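Residue numbers (my numbering): 11 to 82.
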């Protein structure tokens, strides 16, 4: 309509879904931290625990992956 180009929808891989899920979890967690000072990941997995650090690292790596994927 009105000269708009249709977007090409590429197939979504399971890696894309996992990355988007982790980034969503991270965004919700940061929203809770910003609004209420409540870190859900640390509460569920332990503050400074290896598992919580793994989740934070996975969220960050997922964000980098999605940013690089969007740049293509």
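The beta carbon of each residue, even a glycine, is placed where N, CA and C say it ideally should be. Keep in mind it's a predicted model, so treat the numbers as computed, not measured.
Check	Outcome
Unbroken stretches of the alpha helix (DSSP H), 4 residues or longer, contained in the region 18-65	24-46, 50-55
Pair within 8 Å by beta-carbon distance, residue 72 and residue 42	no
Burial state of residue 74 (16 or more Cβ within 10 Å)	exposed
Distance between residue 34 and residue 27 (C-alpha atoms, nearest Å)	10 Å
Candidates 80, 24, 23, 62, of which the one nearest residue 36 by Cα	62
8 Å CB neighbourhood of residue 70 in its chain, flanking five on each side removed	36
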